[in-house]
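Everything in the sequence shown is counted per the working numbering, starting at 1339 for the first residue and increasing by one.
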Amino acid sequence: MRRLFQALQSQIRYKIIVPYLALTLMVTMAGAAIAVGLVAASWEERLQNQLAQVGRNTSDALVRRERNHLDFLRLIAFAPANPDRNVPAMAEVFARRDPDEVARALEPYYRFGVGNINLDFDRMIAFDSEGKALVDWARVSENVDEPPLRIEGTDLSQVDFVQKIIAGETVEGNDKFSNLIYFAPDVQPYFYTAVPLRRGDEVVGGVMIAIKSDRLLASLEKSSQAVVTTIYDLKGKALSTTLVSRDNLAQLDMPPGALQPLLDGEAQSVFTVELNQRGYQLAYSPLVIAENQVGYFSVGLSRDFQVQSLSLSRNSIVAIAMFLALGSVLIGYSIARSITRPLANLVETAEAVTAGDLERRSTVASVDEFGTLAQAFNQMTEHLLQLYRTSRELSSSIEVARGLAGTARTPQAFGPGPGGRRRPTMESAG
């Protein structure tokens, strides 16, 4: 580690590249993290808005269903006499309390209702002024042409809304009633709507239609485009859902953290739950029927789409960040090379000159400061070489002059030479 640190400190290119690279990676990673966080928040907000819209669609669909039931029941309640079928007015039929006659009068309405997608009910009950059922039909098949099961002996006289109807009472001026009801032995609740039948001012009975909650939720889900729709009682216990079987219904019970905000008056509570090993975002809201809260409902969307979209966005952001980081590294390396390459050339040239190679010249020819420095260094080296040469020439001249001067000062003598001639000889002085 120490050697690596020393190597990084030994060259200026590393001093430039390493901090630049570290800063680039830090900025890129921080930017990518911020971008991923913003994208995640955006997708979360989009899912929340979509859930809110799905919840509104569900509430609107339920209101439309209730209105359709009321409109249908009004047609029955105010049905006039039908001479072609020898059927008197509906109120008169109920006043006679003849079950067969009531059944004959209601049969075309029943067949129309179960075959109409906006009604599609499972139960029709006509009762007299004492709350005793004159007709109680239960749907037994999805085939609308199959006759219903006729249930005998149904007594609704102890049911609260039936008592109000036969007594002629109203609730806030309204004598039509809608809510949830159970019919034994069925364990699921029914959504019902009931209206009175009057002959003049006299209540002669009433008629009620009811749809199973499972069928109702499936119909609402088509309108709202929710992935899962569930209804709960006022304690948050799941009553019906479109996702799991009734045996596993308990796993959809509202968590306390979702129920409490609704009890505190908030319009919606959003939680993430795992069902069938998949994540769902559920939005809980009060279930209001006939302007009365009768429980809660939730709509849910799968988080798979959000997770997939977020993963795709995250991968794209990471890829872009890596590309930018690589580009930054390459650019930084190029910039560092543009600085260190001419600097290295100048250093090598200086070392060669220092070692005595005065013929060595820098090859840097850029037009920036390095080029100016190289030109000045080469000129300086050229002047140094000229001075060195001049110095050597002067030194040589001085040595020659000294040699000549020494020769001139040496005494000479003549001795006999060949042929009897005399020749000079060197004598040592002293």
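Note that CB positions come from ideal geometry on N, CA and C, so glycine has one too.
All of these numbers come straight from a predicted model, not from anything done at the bench.
Collapsed DSSP secondary structure at residue i in the structure displayed
i: V1356; result: helix
i: S1607; result: strand
i: R1488; result: strand
i: T1580; result: coil
i: L1613; result: strand
i: K1560; result: helix
i: K1502; result: helix
i: F1537; result: In the sequence under discussion, the amino acid at residue 1537 is Arg, which differs from the Phe named in the question. Looking at R1537 - three-state DSSP - the assignment turns out to be strand.
i: I1518; result: Residue identity check: residue 1518 is Leu in the sequence provided, not Ile. L1518: strand per DSSP, three-state reduction.
i: N1481; result: coil
i: D1585; result: helix
i: A1464; result: strand
i: F1529; result: strand
i: S1766; result: Model confidence at S1766 stands at a pLDDT of 46, short of 50, so the residue's coordinates are unreliable; what they give is reported in the following sentence. Coil.
i: D1398; result: helix
i: D1493; result: strand
i: N1424; result: coil
i: N1456; result: coil
i: V1374; result: helix
i: V1738; result: helix
i: V1509; result: strand
i: E1383; result: helix
i: V1417; result: Per the sequence shown, residue 1417 should be read as Ala rather than Val. Three-state result, A1417: coil.
i: V1365; result: helix
i: D1409; result: helix
i: G1574; result: coil
i: E1697; result: coil
i: S1704; result: coil
i: R1341; result: helix
Sub-8 Å separation of residue i and residue j beta-carbons
i: R1477; j: R1488; result: no
i: V1626; j: L1620; result: no
i: L1518; j: Y1528; result: yes
i: Q1526; j: S1551; result: yes
i: A1441; j: V1473; result: yes
i: I1549; j: A1373; result: no
i: G1603; j: R1641; result: no
i: G1375; j: A1659; result: no
i: L1600; j: S1607; result: yes
i: G1694; j: A1703; result: no
i: N1679; j: A1690; result: Rather than Asn, the amino acid found at residue 1679 in this sequence is Arg. Against a cut-off of 8 Å, the Cβ pair of A1690 and R1679 comes out as no contact.
i: S1700; j: L1723; result: no
i: S1516; j: E1439; result: no
i: I1354; j: A1682; result: no
i: A1532; j: F1499; result: yes
i: A1588; j: V1392; result: no
i: Y1358; j: G1670; result: yes
i: A1657; j: Y1622; result: no
i: Y1448; j: P1486; result: yes
Residue range of the alpha helix (DSSP H) that includes residue i
i: A1522; result: No alpha helix (DSSP H) holds A1522; DSSP gives it neither H nor E.
i: A1596; result: P1594 to L1601
i: D1438; result: P1437 to G1453
i: R1434; result: M1428 to R1434
Boundaries of the beta strand (DSSP E) in which residue i is found, first to last residue
i: Q1631; result: N1630 to S1640
i: E1625; result: Before going further, note that residue 1625 is Leu rather than Glu in the sequence given. Start and end: R1616 to I1627.
i: M1546; result: E1540 to K1550
i: D1474; result: A1471 to A1476
i: T1568; result: V1566 to Y1570
Residue i: CB within 7 Å of a non-hydrogen atom of the ligand SAH
i: A1429; result: Within the structure as shown, the ligand SAH is missing, as the structure has no ligands at all.
- Query: At which residue ranges does the stretch 1646-1693 contain complete beta strand (DSSP E) runs of 3 or more residues, listed in the order of the chain?
  - Reply: none
- Determine contact between the stretch 1578-1587 and the stretch 1554-1568, defined as no fewer than three beta-carbon pairs at a distance below 8 Å. yes
- Query: Per the contact definition of three or more C-beta pairs closer than 8 Å, is the stretch 1491-1507 in contact with the stretch 1542-1549?
  - Reply: yes
- Item | Sufficient close CB pairs (3 or more, under 8 Å) joining the stretch 1391-1405 to the stretch 1424-1441 | no
- Sufficient close CB pairs (3 or more, under 8 Å) joining the stretch 1561-1573 to the stretch 1631-1641: yes
- Count the CB pairs spanning the stretch 1442-1461 and the stretch 1409-1422 that are closer than 8 Å, and state whether there are at least three. yes
- Segment contact, 8 Å Cβ cut-off, at least three pairs: the stretch 1658-1667 with the stretch 1358-1368: yes
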